[in-house]
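Colleague:
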Amino acid sequence: MESSLFLRILLFPVIFVFSKTLSTLVFANSFSFRSIPTRTRSKPIDPAGWPDRFPAKEHCSKCGLCETSFVSNVTDACAFLGPGMARIDEMESIVHGRRRNLDDMVWSKKMSRSSSAGAEEEARFGVVQQPIRLAKGNDMDNAQWTGVVTSIALAMLESEQVDAVICIANTDRDNGDTSWASSEPIVARTAEEVLRGRGVKPALAPSLRVLDEIQDDPSIRRLLFCGVGCAVQAFRAIQSDLTNLEQVYVLGTNCADNSPTVEAAQNFIQEGVKMDASTVKGYEFMQDFKVHVKTADSYVTKPYFTLPGTIADSSIAMSCRACFDYTNALADVVVGYMGAPLEANARMDGSFQTLTVRNERGAQMVQTAVDSSRLILGEVATGKGSHEQLAVATITSDALVASMVNQTVPKVGMPGWMGELMAFGMRQFGPKGLNFARYSIDYHVLRNYLHILDTWGQERADSSIPQYSRYIVDYYKEIDTEFAMLISAIEAKKR
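Everything in the sequence shown is counted per the UniProt record's numbering, starting at 1 for the first residue and increasing by one.
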C-alpha cells in the first residue's frame, strides 16, 4: 500500500511532537526492442515454496518474476538481491533518458543542497518532467479512491493505444463476491477486466506472474504494465526480453508497508483496528494520521497512535522494510496520495491524489485520460510545514525500530481520546501536502536503512540503496543525535 498498502507509521505511545550511453539507449516515446536469440526457458519456482525456496528468501516481495520462465534473470532483476535498489541510479537513465537531479534535496532549514528547489524536487520524488499535479478519476464507481489508476488504464485501452493491461485484480470468491485482501495478476483485454483491478491491494501481489502469457501471445504488441516499485524494477530489467512487444507503458503507484500475506492483512484489521475483516472493502493509512477503513455500509477512521505496537511486525512484509523506492522511480507516471491535501473528515473516495509524470510516455497516458474525460486534473501540488523533526520522532518511537534495539514494544496503543488528540495536533501543526510526502519518504528511508543495517550489515546496507537514500541517511546522522545513536546501537550488535 502507500498506500497500496501500507502500514505507513505504526507508532506505539510517543511523546507529543509538533516541532521535535547506457546513456545513449533511451526508452523513447516509440522504440523497437533489440533483437535477441531465442531464450531458453527456465523452470518457474512453485509459489507454494514462498518465501524459503525463493532467492531473496524472507525479503522476497512476491513480485511474480520467479514464478515464470524469466526466473533465470532474477539475480540481475530482483530489487532485493545483490545491488538491489541501488540499480535504480543507472536504470533511471535507461528508462527516462536521464537520472534525477540529486542537487535539489529540500530541507526545511536549508531549502536545497545547492540552488532553490520547486515543488517538483527530484532528489526525493525521482525524475519529473512537469510539476506534480493533483488529480481525481471522473465518475469511477466502486473505486477505493476516485479511480485515477483505473481511469488511465481504461483510457489507454479504450483509445487502442495498448492491446492489454497487466494489473492486479481482486480474487473472485465461490459466492460471486470478491475478496478485498486477496489478489491475482491478470492480462486485461477489455474494460470489464480492467475494472476488476479497482482498489488498493493490502498484501504482496505477484504482478509479473503473467509474463509468460505476454511472451506467448503475438497479438499483444503494445502493453501497459501497472505495478509497485519493486515489481516495476524487475519488469524494467527483463522488458527487452519480451520480444513481441513494440511499445511499453508503465503506470506505477506509490507503495509502502504491504502485508506479507492476505491473512496478515486480515489480522491487522481484526487485531489492530478491531473490526470484522469480512466487512471491509479497503483501508489506507492517511495524511491525517489515521487508518481509514471502508466497509459495505460505513466508513471508519482510527488514529495510528491507538494501534498496538506489536501489530507492526506481523503486518509489514520484510521486503517492504528493505525498500527504497516508495516513489516508484522507474514508472512513466506515478499515482499516489502522500503529497495531496486531505481536508478534515475527508474520505478516500472524495480526495485528490497526486500524479508524477516522469517522461513523454507518462505525459501521453495522462493526456489520453484527460481527453477521454476519465481524468480530472487539479492544481499543482504544494506543501508547508517542517518535516524533519517529525521524521526523527517517528523513527525513535517506531515499534519495528524498538525491536531492533531490544526495547519493549507495548501490546496496547493509546486510549481513543488521546489518539484523537494526537492526530488533531499533528494535522494542525505537522507537515502538509508535499512536505507530508517528504516526511513519509524520509521516515521510510531511515527506518528501512536501520532494518537492512541490522539484517545485512553495513557493507551490504551501504551498497544496496539508491544515492538519494544515502543523502537522506547522512543528513539525519549529522543533524540528529538520536538517529545516530540508533545506528551505533545496531552496529554494536554486529561486533
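For every residue, glycine included, the Cβ atom is placed at its ideal position computed from N, Cα and C.
1) If you draw a straight line from the alpha carbon of G336 to that of E459, how long is it in whole angstroms?
2) If you draw a straight line from the C-alpha of E271 to the C-alpha of D332, how long is it?
3) Are the region 301-313 and the region 274-293 in contact at 8 Å, needing three or more beta carbon pairs?
4) Return the chain-ordered ranges of every beta strand (DSSP E) run that is complete within the region 348-375 and spans a minimum of 3 residues.
5) Terminal residues of the continuous alpha helix (DSSP H) containing K493?
6) I'd like the span of the alpha helix (DSSP H) that includes L400, first residue to last.
7) Can a CB atom of chain B be found closer than 7 Å to the CB of P185?
8) What is the rounded straight-line gap between the Cα of G48 and the Cα of G64?
9) Could you check the C-alpha separation between T171 and E184 for me, to the nearest Å?
10) Please check the pair V127 and R374, which I expect to be a contact at CB under 8 Å, by giving their CB distance rounded to whole angstroms.
11) Count the other CB atoms, across all protein chains shown, that sit within 10 Å of the CB of W417; report buried if there are 16 or more and exposed otherwise.
12) Residue 496 by DSSP, collapsed to three states: which one?
13) Starting from Y304 and walking both ways along the beta strand (DSSP E), at which residues does that stretch end?
14) Let me know if A344 comes out buried or exposed under the rule of 16 or more other beta-carbons within 10 Å of its beta-carbon.
15) With G416 as the anchor, note down where its alpha helix (DSSP H) starts and where it stops.
16) Starting from the N-terminal side, write out each stretch of the alpha helix (DSSP H) that is 4 residues or longer and does not extend beyond the region 275-342.
17) Would M348 and A437 be called neighbours here (beta carbons separated by less than 7 Å)?
18) Report the three-state DSSP secondary structure of W180 (helix, strand or coil).
19) Rounded C-beta distance between residue 561 and L251? I'm assuming under 8 Å.
20) For D257, count neighbouring C-beta atoms within 10 Å of its own C-beta (all shown protein chains included) and say buried if the count is 16 or more, exposed if not.
21) Taking a contact to mean a Cβ-Cβ separation below 7 Å, would you say T295 touches K281 in this structure?
22) Taking the alpha-carbon of Q407 as reference, which of F268, D398, M414 and W456 has the nearest alpha-carbon?
23) Given the structure, does G430 come close to the ligand FAD, in the sense that its CB is under 6 Å from one of the ligand's heavy atoms?
24) Leaving out five residues before and five after F27 in sequence, what residues of the same chain have Cβ atoms less than 7 Å from its Cβ?
25) For G433 and L81, what's the separation of their Cα atoms in angstroms?
26) Tell me whether the beta-carbon of I238 lies closer than 7 Å to the beta-carbon of N73.
27) Identify every run of the alpha helix (DSSP H) within the region 140-215, keeping only runs that are complete inside it and at least 4 residues long; order them along the chain.
28) In terms of alpha-carbon separation, which member of E491, D474 and Q467 lies closest to L102?
29) When you compare only the Cα positions, how much space is there between N328 and D89?
30) Out of S469, Q353 and N138, state which residue places its alpha-carbon closest to the alpha-carbon of H444.
31) Pop quiz: A86 and S464 are said to be a contact at Cβ under 8 Å. What is the actual Cβ separation, rounded to whole angstroms?
32) Output the distance between the C-alpha atoms of W50 and S315, rounded to the nearest integer angstrom.
33) Return the chain-ordered list of same chain residues with a C-beta closer than 6 Å to the C-beta of D442, the five sequence neighbours on each side being excluded.
34) Would you call T24 buried or exposed, if buried means 16 or more other Cβ atoms sit within 10 Å of its Cβ?
35) Helix or strand or just coil, what does DSSP make of S219?
36) Run through the DSSP bridge pairs and tell me what K384 is partnered with.
Modeller: Checking against the coordinates, here is how it stands:
1) Spanning the two alpha carbons is a distance of roughly 32 Å.
2) Looking at the two C-alpha atoms, the distance is approximately 38 Å.
3) A contact is defined here as three or more CB-CB pairs under 8 Å, and the region 301-313 meets this definition with respect to the region 274-293.
4) For the region 348-375, the full-length beta strand (DSSP E) segments reaching 3 residues or more read 353-357 along the chain.
5) Its alpha helix (DSSP H) spans residues T481 to K494.
6) If you look at L400, you'll find it in the alpha helix (DSSP H) that goes A399 to M404.
7) The structure shown contains no chain B, having only a single protein chain.
8) The displayed chain sequence assigns Ala, not Gly, to residue 48. Their backbone Cα atoms lie some 12 Å apart in a straight line.
9) Straight across, the Cα-Cα distance linking T171 with E184 is about 6 Å.
10) Distance from V127 to R374 at the Cβ level is roughly 25 Å; contact not present, criterion being Cβ atoms closer than 8 Å.
11) Exposed is the call here.
12) Because residue 496 is not part of the residues shown, which for the chain are 1 to 495, the question remains open.
13) Counting along the chain, Y304 falls outside any beta strand (DSSP E), and DSSP gives it neither H nor E.
14) Label assigned to A344: exposed.
15) Unbroken alpha helix (DSSP H) run through G416: G416 to F429.
16) Within the region 275-342, the runs of alpha helix (DSSP H) that reach at least 4 residues and sit entirely inside it are, in chain order, 311-315 and 318-321.
17) Their beta carbons are not under 7 Å apart, which means M348 does not touch A437 by this criterion.
18) In the structure shown, W180 sits in a strand (DSSP, three-state: E or B).
19) What the structure shows of the chain is the stretch from 1 to 495, and residue 561 is not part of that stretch, so it cannot be assessed.
20) Classification of D257: buried, given that the 10 Å Cβ count is 16 or more.
21) Going by C-beta atoms, T295 is nearer than 7 Å to K281.
22) Out of F268, D398, M414 and W456, D398 has the C-alpha closest to the C-alpha of Q407.
23) Absence of the ligand FAD is noted for the structure shown, with no ligands found whatsoever.
24) The pLDDT assigned to F27 is 39, lower than 50, so where the model puts this residue is not dependable, and the model offers no usable value.
25) Whole-angstrom Cα-Cα distance: 34 Å.
26) Going by beta carbons, I238 and N73 fall inside the 7 Å limit.
27) 148-158, 191-195 and 211-215, all fully within the region 140-215.
28) Q467 is the residue among E491, D474 and Q467 whose C-alpha sits nearest the C-alpha of L102.
29) N328 and D89: Cα-Cα distance of roughly 12 Å.
30) In terms of CA proximity to H444, S469 leads the group S469, Q353 and N138.
31) Between S464 and A86 the Cβ distance is about 5 Å, and since that is below 8 Å, they are a contact.
32) Cα-Cα distance, rounded: 17 Å.
33) The answer, listed in chain order, is A391 and I472.
34) Residue placement at T24 cannot be trusted, given a pLDDT of 33 that sits under 50; what the coordinates show is reported in the next sentence. With fewer than 16 other CB atoms across the displayed protein chains lying within 10 angstroms of its CB, T24 is exposed.
35) S219: coil per DSSP, three-state reduction.
36) Residue pairing from DSSP places K384 in a beta bridge opposite K432.
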